[in-house]
């Protein structure tokens, strides 16, 4: 509810959404729309595997089945400590201290497990990614996985503003709203598939698969599984 309220849309619909019970609106409505334009395009979410186009030799149904089977082996992960945070590039819900190791393990597994389904990035997209300065490690990940912020570069966050739009009044409002609406950050307990029919259309959620295990399962490179 918090994320939908801030971004003025749910991830299940293309339509703008208003929370009639919203405690306090941001005073500058024009600025608010400017701040949320980009994150609202994606919907309130946390990126585990960055958006990609399916490879030509893959079948969508197999991708969906693989995710469903993987989610069934995972256990919910506590998000205690998640709170509004201002970075150099955006406002987001993030961890002030170290993120749970279980999150990094989950994200790393998703990056590797679904890599065979990903079509290579176009030169246009590689160039677009490199418009943001990248470290050598991040650039290597971009070449390998089509996204710079994976494995040791992964940082769990849920974006609340566009890049480089870190309005101080907006941050104060977000913080107050979060404290009012969110008593417990809860858990990460599912993985979702989002779809975008074309680059100009917002992402919408197509499928979600709830974690069904009591312990996190780690898939080792040799195919063996280990319960954490």
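In the working numbering, the protein residues as written are 5 to 232.
Where is the CB? At the ideal position from N, CA and C, for every residue including glycine.
- With contact defined as three or more Cβ pairs closer than 8 Å, the segment 103-113 and the segment 125-142 are not in contact.
- Taking 9 Å as the cut-off, the beta carbon of residue 158 is found closer than this to the beta carbon of residue 112.
- Taking 9 Å as the cut-off, the Cβ atoms of residue 180 and residue 10 do not count as close.
- Residue nearest to residue 98 within the set 162, 75 and 67 is 162 (criterion: CA-CA distance).
- If you draw a straight line from the Cα of residue 216 to the Cα of residue 71, it comes to about 13 Å.
- A Cβ-Cβ contact shorter than 9 Å links residue 182 with residue 87.
- Leaving aside the five residues that flank residue 119 on each side, the residues in its chain whose CB is nearer than 8 Å to its CB run, in chain order, 149.
- Taking 9 Å as the cut-off, the beta carbon of residue 80 is found closer than this to the beta carbon of residue 193.
- When the alpha-carbon of residue 18 is set against those of 213, 136 and 198, the nearest one is in 198.
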